[in-house]
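What follows is a short report on a single structure.
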Amino acid sequence: MAAIVGVHGIGKYRYFQAAGTAEGAAGTMRAKWDRYLHAGLTGGAPYTGQSYITDIAYYAHLLRAGTPAALKTDLRKMDAESQFVLTGWMRQLGEVGDFAGERLTGLIHRLAEWLLLRLGPHAKDFAEDFCPEVAAYLASADAAARVRARDAVAATIRRHRPAVVIAHSLGSVVTYEALWAHPDLSVDLLITLGSPLGMRGVIFERLQPLPQAGRGRCPRGVRRWVNIADKDDIAAIPGALRGLFDGVALDEKVNINWADFHTVRNYLACGAVNEHVEPFLKV
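Following our numbering, the numbering of the sequence shown begins with 922 at its first residue and continues without gaps.
Written out as structure tokens, the structure is:
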């Protein structure tokens, strides 16, 4: 079986808190990804310990280095950079509109209420992880958290030399930049799940390397890039990436769970990645 590395998404600092080390956090997550992928590959057959994922590239603790308090906080109490991410993100959903002259505090209250009423507590909790972590990673082109996170992902890929990298959520952004920053790395298949890479005004224009003429490019070391997004995933905006990135071989839309629209559990367990990873499981 060829090596497969996963790169986690937002809200995974709790694994570091529980394990005490990045290695322990990665190990706990790898066991979960194995169970999720097994469910997808077998149609939900009982899990009996099969190993599919070689390792998880863990970086969540690096987004909090030097930050004594947890990043997650109520939407109404987020710092200015996190609020910038929130308002830019909500523009993508078409829920901000023209707010010229509106006080930012009032706007944040309105957006928090919209998330809660329209999508429920899960969406509000998701936003309270998504906005601060994206803001911490994208604080500047050479932000310490950004450099450390992408170097950690690159180090895991270099250690295992996987044929497949499965990158979820914010992990797709970190992986994209890591592969560009470390051109010696190569993978046969990159699968992005619920990726916000194309989110205009929040992430896309701040990527490294910067998009040229309004387009990003597949990292040179990636032989095939497949992007998968749930139709209700409010982090994957736009869900299709081929319109913004050269070199995306396939955009696939799935329907996993309208209320639990972003978890790696549902992406792996729904079978969306099966046809893409199965050839590498037989190597």
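C-beta: ideal position from N, C-alpha, C; glycine also.
Exercise. Distance, Cα to Cα, Pro-1083 vs Gly-945?
Worked result: Cα to Cα, Pro-1083 sits roughly 20 Å from Gly-945.
For this session: Could you tell me which residues DSSP puts in a beta bridge with Ala-1146?
Result: Note that residue 1146 corresponds to Trp in the displayed sequence, not to Ala. Paired residue(s): Leu-1111 and Val-1169.
Exercise. Residues in its own chain within less than 6 Å of Ala-1193 by CB, not counting five upstream and five downstream?
Worked result: Once the five neighbours on either side are set aside, the close Cβ partners of Ala-1193 are Ile-1149 and Val-1175.
For this session: Kindly indicate which three-state DSSP category Gln-971 falls into: helix, strand or coil?
Result: The answer is coil: DSSP assigns Gln-971 none of H, G, I, E or B.
Exercise. If you run the structure through DSSP and keep just helix, strand and coil, what is Gln-1133?
Worked result: In the structure shown, Gln-1133 sits in a strand (DSSP, three-state: E or B).
For this session: Could you tell me how far apart the beta carbons of Val-1085 and Ala-923 are, in whole angstroms, since I believe they sit closer than 8 Å?
Result: Right, the Cβ-Cβ distance comes to about 7 Å (below 8 Å), so this counts as a contact.
Exercise. Alpha carbon to alpha carbon, how far is Val-926 from Ala-1073?
Worked result: C-alpha separation (whole angstroms): 13 Å.
Problem set entry | Unbroken alpha helix (DSSP H) run spanning Val-1094, endpoints | Run containing Val-1094: 1091-1102, per the alpha helix (DSSP H) assignment.
Exercise. Rounded C-beta distance between Pro-1117 and Ala-1157? I'm assuming under 8 Å.
Worked result: That belief holds up - the Cβ atoms of Pro-1117 and Ala-1157 are roughly 6 Å apart, short of 8 Å.
Exercise. Exposed or buried, which one is Thr-1008 when buried takes at least 16 other CB atoms within 10 Å?
Worked result: Buried, by the Cβ-count rule.
Problem set entry | Check whether Ala-1170 and Arg-1138 have beta carbons under 8 Å apart | Using a Cβ distance threshold of 8 Å, Ala-1170 and Arg-1138 do not count as a contacting pair.
Exercise. Gln-1004: buried (16+ other C-beta within 10 angstroms of its C-beta) or exposed?
Worked result: With a threshold of 16 other beta carbon atoms within 10 Å, Gln-1004 meets it and is buried.
For this session: Would you be able to state if there are at least three C-beta pairs under 8 Å between the region 954-973 and the region 1095-1113?
Result: With the cut-off at 8 Å, the region 1095-1113 and the region 954-973 do not touch.
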